[in-house]
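Trainee:
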Amino acid sequence: MADKVEKQLADSYHPLDNRPSDAEPPQAQATEPFSMLIMGVDARKNERGRSDTLIYTVVRPKDGNVLMISIPRDTYADIVGKDKKDKITHSYVYGGPEMAVATVEKLLDAKVEHYASINFQGFVEVVNTLGGISLPITKDLVNDDPGHEKFVVKANQSSYDGKDALNYVRYREDAGGDVSRTERNREFIESIIRKTASLKQWSKIPEVLGIVGDNFRTDLAPESMSDLTKQFLQVDHRIQSYTLKGVGKRMGPSNLWYFVADEDDLTDIRQTIAAWMNADTPVEQLKAPGQKKADSADKSAKVPA
């Protein structure tokens, strides 16, 4: 079974051109935390597309904890290799995963050890193979503005098929704009992870990987991916998520819309990543950014006057 999985993964293996060839992959039964940039791309056939989703992820194989930090695609950032600032999503357009990884590393001041690029278009059948996924849709999503793809996703369904899940990702007509879109994309990826983990069925993995095909790219070698997938399915896990805070504003000579990150929040995120990447950090201290401040505020509020 493992050989079949590794064969399926061979086509997905694409190491980054600007990375040292001696980079250490996670080993079988990995225990050390490692970081990965998940890039969600909504590209039709023969398109590179933009990275609609950028999620800096820390995986802790030993205790099963996963941290996912979403970066809104319109975030105003230094584009590494272009010597200019632009929307961070354009880094993928300019230079593929290599430039996107380098740009995120600079923004967060944190190493990206590995990457995975996912084309949402190809995950419709994956969702169907998994039997559908759960999504937090509390009111109907109606996409009908002129120039937009027309669809409706009904609220409060126990499970959503691949078509509805893709439309959930593509929905564009809510007031939350870029931040809401970022959170939907992350929720889509999280839901697939949770559904896969809940099945605990290693036998389904080859079928899923065969469907994914060209819609998945990673610099993790097939044997590493195979071992990590088995390990992931064998342990309980907990995902903590967070979205970078900031404000939207129009800037520059063209008066374009950007998302300007909050510097205090960036500092908190950097400290959180460092704690999660430290294997000695106790599980009870693994917090999402902002949680420590909230916990401190709660304790302060309970102190008698």
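Per full-length UniProt numbering, the sequence shown starts with residue 1, numbered consecutively.
From the three backbone atoms N, C-alpha and C, an ideal C-beta is built for every residue, glycine too.
1) Would you grab the beta carbon distance between LEU16 and TYR115 for me? Rounded to a whole angstrom, and I think it's under 8 angstroms.
2) Determine the DSSP secondary structure at ARG19, reduced to helix, strand or coil.
3) Would you mind stating whether ARG35 and MET277 have Cβ atoms separated by less than 8 angstroms?
4) Roughly how many angstroms separate the alpha carbons of VAL41 and ILE211, rounded to a whole number?
5) How close, in whole Å, do the beta carbons of GLU190 and SER70 come, if the pair is a contact with beta carbons under 8 angstroms?
6) DSSP beta-bridge partners for LYS249?
7) Candidates ASN65, ASN18, ASP83, ALA175: which alpha carbon is nearest ILE273's?
8) Report buried or exposed for SER198, applying the criterion of at least 16 other Cβ atoms within 10 angstroms of its Cβ.
9) In the structure shown, what three-state DSSP assignment does ASP268 receive?
10) Bridge partners of HIS114, per DSSP?
11) Quickly, what does DSSP pair LYS154 with across the bridge? List them, please.
12) At which residues does the beta strand (DSSP E) containing ALA77 begin and terminate?
Mentor: Quick answer:
1) 7 angstroms
2) coil
3) Note that residue 35 corresponds to Ser in the displayed sequence, not to Arg. Their beta carbons are under 8 angstroms apart, which means SER35 touches MET277 by this criterion.
4) 17 angstroms
5) The Cβ separation is near 10 angstroms, so there is no contact.
6) TYR258
7) ASN65
8) exposed
9) helix
10) MET36
11) None, per the DSSP bridge assignment.
12) 76-79
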